[in-house]
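Protein chains in written order, with our numbering: chain A, 11 to 508; chain L, 28 to 353. First comes the structure, then the notes that go with it.
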Amino acid sequence: MFDHLAIALGYVLTPHSFLVLFLGTAAGLVIGALPGLSSTMGVALAIPLTFGMDPKTGLILLGAIYCSSVYGGSITAILLRTPGTDASIATTFDGFPMTQQGLGGKAIGISTTASFIGGIISTVALLLIAPLLAKIALKFGPPEYFLVAIFGLSIIISVSSNSYLNGLISGVFGLLIATVGMDSFTGYPRFIFNSDSLLDGIPILPALIGLFSLSQAIKIAISQESSIVKKDVSFSDRVLPTLADMSRTWVTMIRSSVIGTIVGIMPGAGTSIASFISYNEARRASKEPESFGKGNPEGVAASEAANNAVTGGSLVPALTLGIPGNAVTAVFIGGLTIHGLIPGPNLFIKYADITYTLILSLFLANIMFFVIGIAFAKYFVKVIKTPTRILAPVICVLSVIGSFAIRNNLFDVGLLFGFGILGYLMERYDFSPAPIVLALILGPMAEAELRRSLILFHGSFVPFFQRPLSLAIIVLIVLSVLFPLYKEIKKSRIRKSG
Amino acid sequence: MSRTRKFCMITMMALVCLALALGTSFAGEYPSKAVTMVVAYAPGGSTDTLARITAKYLEAELGQPFVVVNKDGSGGDIGFTALAKAKTDGYTIGLINVSPVVVNPITRPKVVRYRITDFAPIANVVTDPGIICVGADSPYKTLQDLIDDAKKNPGKISISHEGKGGGDHLGILAFEKEAGITLNGVPFDGDAPAKAALMGGHIDAMAVNVSEVADMIQSGQLRGLAVENSKRSPEVADLPTFPELGFTVLQASSRGFAAPKDMAKEQLEVLINAMTKIANDPTYLAELKKLNMPLDFMAGDDYGKFLLEQHEFWKGLWEADPWIKK
Chain A
11 MFDHLAIALG
21 YVLTPHSFLV
31 LFLGTAAGLV
41 IGALPGLSST
51 MGVALAIPLT
61 FGMDPKTGLI
71 LLGAIYCSSV
81 YGGSITAILL
91 RTPGTDASIA
101 TTFDGFPMTQ
111 QGLGGKAIGI
121 STTASFIGGI
131 ISTVALLLIA
141 PLLAKIALKF
151 GPPEYFLVAI
161 FGLSIIISVS
171 SNSYLNGLIS
181 GVFGLLIATV
191 GMDSFTGYPR
201 FIFNSDSLLD
211 GIPILPALIG
221 LFSLSQAIKI
231 AISQESSIVK
241 KDVSFSDRVL
251 PTLADMSRTW
261 VTMIRSSVIG
271 TIVGIMPGAG
281 TSIASFISYN
291 EARRASKEPE
301 SFGKGNPEGV
311 AASEAANNAV
321 TGGSLVPALT
331 LGIPGNAVTA
341 VFIGGLTIHG
351 LIPGPNLFIK
361 YADITYTLIL
371 SLFLANIMFF
381 VIGIAFAKYF
391 VKVIKTPTRI
401 LAPVICVLSV
411 IGSFAIRNNL
421 FDVGLLFGFG
431 ILGYLMERYD
441 FSPAPIVLAL
451 ILGPMAEAEL
461 RRSLILFHGS
471 FVPFFQRPLS
481 LAIIVLIVLS
491 VLFPLYKEIK
501 KSRIRKSG
Chain L
28 MSRTRKFCMI
38 TMMALVCLAL
48 ALGTSFAGEY
58 PSKAVTMVVA
68 YAPGGSTDTL
78 ARITAKYLEA
88 ELGQPFVVVN
98 KDGSGGDIGF
108 TALAKAKTDG
118 YTIGLINVSP
128 VVVNPITRPK
138 VVRYRITDFA
148 PIANVVTDPG
158 IICVGADSPY
168 KTLQDLIDDA
178 KKNPGKISIS
188 HEGKGGGDHL
198 GILAFEKEAG
208 ITLNGVPFDG
218 DAPAKAALMG
228 GHIDAMAVNV
238 SEVADMIQSG
248 QLRGLAVENS
258 KRSPEVADLP
268 TFPELGFTVL
278 QASSRGFAAP
288 KDMAKEQLEV
298 LINAMTKIAN
308 DPTYLAELKK
318 LNMPLDFMAG
328 DDYGKFLLEQ
338 HEFWKGLWEA
348 DPWIKK
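Quick look at the structure:
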């Protein structure tokens with residue numbers, strides 16, 4: 011391995027590779043920050059560019075775009091509360107309050123550092139223990155995926171709202187609209203009103219952009235303020251986290267990186283689930299859980315470390331088994347095969363120099379976006395001083411372009427406006443829109459995997475409790491549902507007796 | 028990248044720009060501007076890859092860029108509809124996939140707004156036969172092993188497919204009927220999760236297309252049992268075909284190019300000739316081979332005949348036994 015690494019190092023450390031790495035990272039940042047341009051689309055659009063390149067150069071480009079686009083979403087999530095992708099929804103919870111307190115620069119510093127650590131830890135895992143991790147990934151079958159989806163849903167409801175009941179209402183509403191679309195088991199079209207644009211269900215990205223970006227634009231436009239941050243807030247220019255910040259958040263960053271890597275190796279799970287689980291764990295481990303959602307840097311660190319840790323994790327099954335962990339790595343595999351590189355055990359033996367170049371370039375991509383992020387954060391932060399009369403229309407236009415560009419379908423723009431208005435009303439009445447988006451992602455997964463499991467088990471629920479892994483997840487779910495309930499009951503008892 | 032290659036690339040880019048600039052001045056000649064190529068599936072998938080590679084060759088052949096636009100979703104309906112209803116000026120063509128392009132209007136006549144006769148066929152390029160495979164450590168070494176076990180345990184052996192009414196599923200139905208067995212068909216959303224479930228031992232077998240699993244069979248991660256085609260596939264030449272084993276199970280998915288039906292004959296002729304030339308270009312063939320895409324070239328009317336045959340075949344099946352219950 012080390013001799014291959016040495017060869018790969020010699021290749022990566024050339025001015026030419028660095029230029030590609032820099033361009034890929036910069037492009038990824040922009041793609042991640044813009045609403046609607048997802049990592050998947052960024053990597054897919056770059057693939058034709060790699061046709062004329064050396065496979066190693068091509069992979070450096072794809073790796074750089076992947077890593078930095080996941081990070082890029084955090085910048086707008088923190089500064090404007092408009093996450094570019096679903097990976098950064100949980101980042102808005104504490105990131106945007108920090109911006110409103112004049113700590114936008116610091117929040118970006120924390121998110122950059124956390125993303126960097128998450129990316130590096132997962133890449134180390136990819137480098138050292140990929141075959142072992144791949145074996146774990148294969149242990150997950152339909153019943154386990156069903157339970158993972160339920161676990162995700164149970165967490166999201168408790169995490170994203172101040173009120174348990176409001177979270178539940180948003181989540182159930184999300185599950186309800188997640189039933190729209192073709193039933194993939196029977197082919198029956200559900201609630202599509204004879205519109206083929208709904209046959210695949212409610213598309214996630216227009217819903218996400220509507221609920222977060224457009225609703226934010228509406229809110230900014232309606233408010234009387236001339237800036238999204240109150241005038242009397244003083245700005246701190248410091249971006250690099252202080253030692254005190256680091257000593258407060260490093261445990262969270264490492265824990266979240268491990269969670270992100272593990273979620274990343276499971277085909278079908280994704281960046282948003284990883285960041286929500288990590289956020290929840292960070293809050294549970296914290297001595298002051300009430301401060302989450304009000305600008306706690308640990309919240310930003312948890313979400314961002316986890317979603318970037320998914321990058322390395324998701325490449326584990328992709329490279330070792332040829333099974334993509336998510337949509338981005340599916341495109342990645344397409345990019346590999348075009349160059350005649352077939353994912354699987356051979357990739358680490360026959361094409362080891364190319365594979366290790368890719369892994370090494372992931373390390374460098376993480377370093378590169380860290381440097382760029384820290385260096386430019388000062389300028390990113392200026393965006394919040396933009397007058398609202400400019401900011402609102404700009405977000406609005408970008409939202410329309412973003413939601414149209416996903417499928418080149420005007421119907422999605424209509425959906426965007428519907429969800430935009432819904433998101434605005436929800437926030438006014440203290441409902442979080444986050445559970446809707448996550449239910450749209452997890453609802454279909456839960457439904458399909460449950461039905462698949464029941465077909466496999468001939469209609470019996472018993473095997474769910476006989477498989478050790480699924481039993482373990484059931485215990486996790488029960489705990490995660492009971493824990494917040496228990497705390498709420500305890501709180502109300504104290505209130506009563508006090 | 029070497030200096031010569033860099034020079035080559037710069038020259039190529041300059042030529043493309045030049046071609047763009049010149050293109051507009053030769054009005055009357057087709058194509059005189061960029062041609063849009065609609066792909067009904069997401070970027071990065073095998074249809075998209077085929078489109079992008081072919082676009083490169085069409086551009087070299089006809090001197091105009093062919094721009095891939097992905098209109099994915101609804102099992103291809105969105106893209107197929109966009110192609111069928113596109114302007115007929117010759118500047119929108121696209122890829123159609125058999126069986127979805129044929130089956131969707133049959134099974135969902137109210138929702139799907141195109142019919143197979145709305146397309147003018149250009150050329151079919153790839154036909155990817157179906158295959159039944161099992162995990163590397165499965166007890167089934169041959170198709171007969173699987174049949175024997177299925178006879179002992181009816182309905183117990185699970186086999187994945189990509190959704191009811193898809194090619195994989197119809198292949199399983201035909202196999203069950205001919206072998207006199209019942210399997211437990213489990214629909215999966217896409218090949219990747221099904222492969223993971225097969226390798227993890229969560230399901231017993233998988234119905235899929237050869238190109239999706241050829242590499243994994245070659246590297247010993249999966250074991251192929253039989254190919255649903257009349258001739259053996261070069262990617263997995265050791266594997267018997269169903270006809271060799273005494274069955275008539277034949278099932279494949281095809282990808283080709285088509286235009287909206289009212290496009291001018293002369294323009295269609297230009298595209299058919301260009302595709303015929305490309306399909307004989309050894310570098311193009313080598314690229315397809317690298318992607319495990321078996322060439323199956325049918326141009327113009329031949330392709331049109333094939334599409335209508337497929338339409339009749341699926342219509343017959345659907346009317347005899349509809350697989351979507353209302």
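Heads up, the beta-carbon is just placed ideally off N, CA and C, and yes, glycines get one too. Please read these numbers as outputs of a predicted model, since none were measured by experiment.
Inset, instruction - Have a look at the DSSP bridge pairing and note the partners of PHE93(L). - result: VAL62(L)
Legend entry - Selected residue, minimal CA-CA separation from VAL80(A), among GLY52(A), ILE400(A), ILE57(A), GLY105(A): GLY52(A)
Inset, instruction - Could you tell me which chain A residues have their CB closer than 7 Å to the CB of MET226(L), listed as they occur along the chain? - result: LEU148, LEU331
Legend entry - Alpha carbon of GLY83(A) to alpha carbon of LEU47(A), nearest angstrom: 10 Å
Legend entry - Segment contact, 8 Å Cβ cut-off, at least three pairs: the region 245-262 of chain A with the region 406-423 of chain A: no
Legend entry - Cross-chain neighbours of PRO58(A) in chain L, by beta carbon under 7 Å: ARG79
Legend entry - Simplified DSSP state of SER233(A), which is helix, strand or coil: coil
Legend entry - Nearest neighbour of PRO213(A), chosen from ALA402(A), ILE70(A), THR102(A), PHE429(A) [CA to CA]: PHE429(A)
Inset, instruction - Note down, one range per segment and in chain order, each beta strand (DSSP E) of at least 3 residues found wholly within the region 54-131 of chain A. - result: none
Legend entry - Burial state of GLN234(A) (16 or more Cβ within 10 Å): exposed
Legend entry - Closer than 8 Å to chain A by CB, ASP155(L): no
Legend entry - C-beta neighbour in chain L for ASP363(A), strict 8 Å: no
Inset, instruction - Go ahead and label PRO25(A) buried or exposed: buried means 16 or more other beta carbons lie within 10 angstroms of its beta carbon, across all protein chains shown. - result: exposed
Inset, instruction - Consider the Cβ of VAL138(L): report whether some Cβ of chain A lies at a distance smaller than 8 Å. - result: yes
Inset, instruction - Tell me whether the beta-carbon of PHE103(A) lies closer than 8 Å to the beta-carbon of GLY270(A). - result: no
Legend entry - For SER282(A) and GLU437(A), the rounded distance between their alpha carbons: 21 Å
Legend entry - Where GLN248(L) meets chain A, residues with beta-carbon distance less than 9 Å: LEU331, GLY332, GLY354, PRO355
Inset, instruction - Return the bridge partner residues of LEU146(L) from the DSSP annotation. - result: Per the sequence shown, residue 146(L) should be read as Phe rather than Leu. According to DSSP, PHE146(L) bridges with PRO287(L).
Legend entry - Proximity to ALA264(L) [Cα-Cα], best of PRO321(L), GLY198(L), GLN337(L): PRO321(L)
Inset, instruction - Report the residue from LEU318(L), GLY102(L), LEU197(L), THR76(L) whose alpha carbon sits nearest the alpha carbon of VAL94(L). - result: THR76(L)
Legend entry - Element boundaries [beta strand (DSSP E), containing PRO214(L)]: 211-214
Inset, instruction - Would you mind stating whether MET233(L) and GLY332(A) have Cβ atoms separated by less than 8 Å? - result: no
Legend entry - Partners in chain L for ARG462(A), counting only beta-carbon separations shorter than 8 Å: VAL213, PRO214, PHE215
Inset, instruction - Could you say if the region 153-160 of chain A and the region 389-403 of chain A meet the contact criterion of at least three C-beta pairs nearer than 8 Å? - result: no
Inset, instruction - Compute the Euclidean distance between the alpha carbons of LEU334(L) and VAL254(L), then round it to the nearest angstrom. - result: 22 Å
Legend entry - Closest by C-alpha distance to ILE99(A), when choosing among LEU218(A), VAL182(A), SER132(A), THR60(A): LEU218(A)
Legend entry - THR310(L) at chain A interface by Cβ criterion, 8 Å: no
Legend entry - Residue interval of the alpha helix (DSSP H) (run including ARG477(A)): Here ARG477(A) belongs to no alpha helix (DSSP H), and DSSP marks it neither H nor E.
Legend entry - TYR57(L) beta carbon less than 8 Å from that of VAL235(L): no
Inset, instruction - For GLY251(L), name the three-state secondary structure that DSSP assigns. - result: strand
Legend entry - Collapsed DSSP secondary structure at ASP164(L) in the structure displayed: coil
Inset, instruction - Take ALA337(A) and list the residues in its own chain whose beta-carbon comes closer than 6 Å to its own, dropping the five residues that flank it on each side. - result: THR50
Legend entry - Contact set between MET243(L) and chain A, taken where Cβ atoms lie within less than 7 Å: GLY332, GLY354
Inset, instruction - Measure from the C-beta of PHE53(L) to each C-beta in chain A and report whether the shortest distance is under 8 Å. - result: At PHE53(L) the pLDDT is 42, less than 50, meaning the model places this residue with poor confidence; the figure from the coordinates comes in the next sentence. For PHE53(L), the answer is no, since every Cβ of chain A falls outside 8 Å of its Cβ.
Legend entry - Proximity test, Cβ basis, 8 Å: SER236(A) and chain L: no
Legend entry - Per-residue contacts from LYS98(L) into chain A (C-beta, under 9 Å): ARG417, ASN418, ASN419
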